[in-house]
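Worksheet for the structure shown next.
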Amino acid sequence: MLALGAGIGVANVYYIQPALHLVQAAFGTDAYAVGWVPTLTQIGYALGMLLLAPLGDLMDRKRLILCKAGLLTLALIASALAPNLAFLALVGIVVGLLGSIGQDFVPVAAQLAPEAQRGRVVGTVTAGLLSGILLSRTLGGLVAQGLGWRAIYWIAAGLLLIVAAAVWHFLPRLPATAQGSYGQLLRSLATLWRQHRALRRAVSTQALLAASLGAFWSTLALMLAEQPFHLGAGVAGAFGLAGAAGALAAPLFGHLADRLGPRPAIWLGCLLVMLSFGGMRLFPGSLPLLIVGTVLFDLGVMAALVSHQTIVNGLDPSARSRLNGLLMTGAMFGVATGSWSGSWAWANYGWPGICTVGLTVSTGALARSFFPVITRRSS
Numbered sequence: 212m213l214a215l216g217a218g219i220g221v222a223n224v225y226y227i228q229p230a231l232h233l234v235q236a237a238f239g240t241d242a243y244a245v246g247w248v249p250t251l252t253q254i255g256y257a258l259g260m261l262l263l264a265p266l267g268d269l270m271d272r273k274r275l276i277l278c279k280a281g282l283l284t285l286a287l288i289a290s291a292l293a294p295n296l297a298f299l300a301l302v303g304i305v306v307g308l309l310g311s312i313g314q315d316f317v318p319v320a321a322q323l324a325p326e327a328q329r330g331r332v333v334g335t336v337t338a339g340l341l342s343g344i345l346l347s348r349t350l351g352g353l354v355a356q357g358l359g360w361r362a363i364y365w366i367a368a369g370l371l372l373i374v375a376a377a378v379w380h381f382l383p384r385l386p387a388t389a390q391g392s393y394g395q396l397l398r399s400l401a402t403l404w405r406q407h408r409a410l411r412r413a414v415s416t417q418a419l420l421a422a423s424l425g426a427f428w429s430t431l432a433l434m435l436a437e438q439p440f441h442l443g444a445g446v447a448g449a450f451g452l453a454g455a456a457g458a459l460a461a462p463l464f465g466h467l468a469d470r471l472g473p474r475p476a477i478w479l480g481c482l483l484v485m486l487s488f489g490g491m492r493l494f495p496g497s498l499p500l501l502i503v504g505t506v507l508f509d510l511g512v513m514a515a516l517v518s519h520q521t522i523v524n525g526l527d528p529s530a531r532s533r534l535n536g537l538l539m540t541g542a543m544f545g546v547a548t549g550s551w552s553g554s555w556a557w558a559n560y561g562w563p564g565i566c567t568v569g570l571t572v573s574t575g576a577l578a579r580s581f582f583p584v585i586t587r588r589s590s
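The opening position of the sequence shown corresponds to residue 212 in my numbering, with each subsequent residue numbered one higher.
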């Protein structure tokens, strides 16, 4: 249930991406203007991770999830009824802000799981989270093609209500693990950042890997539309299925982190990302290799993410929501930076430039992960 809730929750941030051309046609605007819809939604999501996710330490996490679900449902309905592009883009900030609900399920899993099984359990929920991100593009494209882009938001609202009902009936109350005011909670983020060297290493390494994710997915549709493929947006959305195949292996890496510690899984993840972008750089015209590369690099990013979440969730049990929020804020910053870098590389160097960006940041992530030994203690 937690994995499903995480996936459906975060999917709301990404559903509309494959249908932007339909939104553009509906409002009679240009590609640059319609691009503000996903951009503002991503900004809202990053703000949600930084400002709302830490609330899980200050209040009952069950109550927090239900409150977010109710408000997010209203925002999705407002999006479905949007009278113009500006309204849709501005509501997108709210959708992104409350879309951080998907991340609230990760510290819940860490809190409920026995310590010996925490990596595997967190890995399962994280697999649901990433699958939601990847499959949301596939579902959004199919729904928009058959029923129109507004139907995406109506269906998303219905799915979210089902999740809220399941949380209401099955999730136990989870008392707050921190005391104080909201302002004190936010100020404590800086304290946690200074206090835990392992947190800083995890955030910076994951941000570098996430940059490869942003560079790839922000330019994939553009590359597939050109020679030698000449494929449409539907095929680009279907690549989410290949990425989801990699996400399904997340529990295996969580189990590896439980048995051998997180470092081997992080190193393996970095190497997989390097291997995938290196192969796609050498053979840019091979569609089968592109599919395999998609599976491998999503698998690598997931392996590192599960291991980093295992690390940060073990640093301070009373601050799990804040620690996970810092980790995912760093990851979202990496995605945003990678998207910008990918767009620049595509405009100037084409697909080889994208692969070079992915190879460079994953090499940097591997180097960063080899800095002083990761422990569960604060520095």
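Ideal Cβ positions, reconstructed from N, Cα and C, are used throughout, including at glycine.
Straight-line CA distance for residue i to residue j?
{"i": "residue 489", "j": "residue 330", "result": "29 angstroms"}
{"i": "residue 519", "j": "residue 417", "result": "8 angstroms"}
{"i": "residue 585", "j": "residue 424", "result": "Confidence is the limiting factor: at residue 585 the pLDDT is only 44, short of 50, which leaves the residue's position unreliable, though a coordinate-based value still follows. Approximately 24 angstroms between the Cα atoms of the pair."}
{"i": "residue 402", "j": "residue 535", "result": "15 angstroms"}
{"i": "residue 449", "j": "residue 232", "result": "17 angstroms"}
{"i": "residue 244", "j": "residue 235", "result": "8 angstroms"}
{"i": "residue 531", "j": "residue 537", "result": "10 angstroms"}
{"i": "residue 466", "j": "residue 499", "result": "30 angstroms"}
{"i": "residue 249", "j": "residue 300", "result": "8 angstroms"}
{"i": "residue 552", "j": "residue 493", "result": "20 angstroms"}
{"i": "residue 590", "j": "residue 408", "result": "Confidence in residue 590 is poor, its pLDDT being 45 and thus under 50, which makes the residue's placement unreliable; the coordinate value appears in the next sentence. Their Cα atoms are separated by approximately 5 angstroms."}
{"i": "residue 567", "j": "residue 432", "result": "18 angstroms"}
{"i": "residue 502", "j": "residue 453", "result": "7 angstroms"}
{"i": "residue 358", "j": "residue 406", "result": "51 angstroms"}
{"i": "residue 289", "j": "residue 302", "result": "7 angstroms"}
{"i": "residue 368", "j": "residue 379", "result": "16 angstroms"}
{"i": "residue 507", "j": "residue 478", "result": "14 angstroms"}
{"i": "residue 228", "j": "residue 526", "result": "36 angstroms"}
{"i": "residue 286", "j": "residue 252", "result": "12 angstroms"}
{"i": "residue 168", "j": "residue 212", "result": "One cannot answer for residue 168 here, as it falls past the ends of the chain, which runs 212 to 590."}
{"i": "residue 389", "j": "residue 565", "result": "43 angstroms"}
{"i": "residue 441", "j": "residue 348", "result": "19 angstroms"}
{"i": "residue 529", "j": "residue 391", "result": "13 angstroms"}
{"i": "residue 421", "j": "residue 404", "result": "20 angstroms"}
{"i": "residue 394", "j": "residue 446", "result": "46 angstroms"}
In chain order, what residues of the same chain lie with their CB nearer than 8 angstroms to the CB of residue i, ignoring the 5 residues before and after it?
{"i": "residue 582", "result": "412"}
{"i": "residue 419", "result": "545, 572, 573, 575, 576, 579"}
Might you give, ordered along the chain, the residues of its own chain that have their beta carbon closer than 7 angstroms to the beta carbon of residue i, omitting 5 neighbours on each side?
{"i": "residue 385", "result": "271, 272, 273, 319, 322"}
{"i": "residue 370", "result": "219"}
{"i": "residue 354", "result": "362, 363, 366"}
{"i": "residue 230", "result": "351, 352, 355, 360, 363"}
{"i": "residue 238", "result": "295, 296"}
{"i": "residue 429", "result": "550, 553, 554"}
{"i": "residue 570", "result": "485, 488, 489, 492"}
Which residue wins for smallest C-alpha separation from residue i, given the options the options?
{"i": "residue 224", "options": "362, 345, 277, 522", "result": "345"}
{"i": "residue 509", "options": "466, 536, 459", "result": "459"}
{"i": "residue 438", "options": "364, 475, 497, 453", "result": "497"}
{"i": "residue 304", "options": "342, 277, 257", "result": "257"}
{"i": "residue 387", "options": "354, 568, 533, 472", "result": "533"}
{"i": "residue 220", "options": "279, 324, 361", "result": "279"}
{"i": "residue 214", "options": "343, 302, 556, 328", "result": "343"}
{"i": "residue 517", "options": "481, 238, 406", "result": "481"}
{"i": "residue 363", "options": "564, 495, 469, 284", "result": "284"}
{"i": "residue 296", "options": "505, 246, 391, 463", "result": "246"}
{"i": "residue 542", "options": "415, 361, 366", "result": "415"}
{"i": "residue 222", "options": "262, 239, 309", "result": "309"}
{"i": "residue 524", "options": "226, 281, 317", "result": "317"}
{"i": "residue 561", "options": "468, 396, 435", "result": "435"}
{"i": "residue 557", "options": "427, 463, 325", "result": "427"}
{"i": "residue 397", "options": "241, 240, 266", "result": "266"}
{"i": "residue 470", "options": "326, 339, 483", "result": "326"}
{"i": "residue 593", "options": "495, 383, 275", "result": "A query on residue 593 cannot be resolved here, the shown segment of the chain reaching from 212 to 590 and no further."}
{"i": "residue 451", "options": "468, 306, 505, 475", "result": "505"}
List the endpoints of the continuous alpha helix (DSSP H) containing residue i.
{"i": "residue 407", "result": "No alpha helix (DSSP H) contains residue 407, which DSSP labels as neither H nor E."}
{"i": "residue 319", "result": "312-323"}
{"i": "residue 561", "result": "531-580"}
{"i": "residue 353", "result": "329-358"}
{"i": "residue 591", "result": "With the chain running from 212 to 590 in the structure shown, residue 591 is simply not present."}
{"i": "residue 485", "result": "473-493"}
{"i": "residue 226", "result": "No alpha helix (DSSP H) contains residue 226, which DSSP labels as neither H nor E."}
{"i": "residue 298", "result": "296-309"}
{"i": "residue 257", "result": "247-262"}
{"i": "residue 272", "result": "272-291"}
What residues in its chain sit with their C-beta under 6 angstroms from that of residue i, if we drop five residues either side in the sequence?
{"i": "residue 314", "result": "264, 539"}
{"i": "residue 455", "result": "342, 345, 346"}
{"i": "residue 473", "result": "518, 521, 522"}
{"i": "residue 463", "result": "none"}
Do the segment 508-523 and the segment 332-345 meet, that is, are 3 or more Cβ pairs less than 8 angstroms apart?
-> yes
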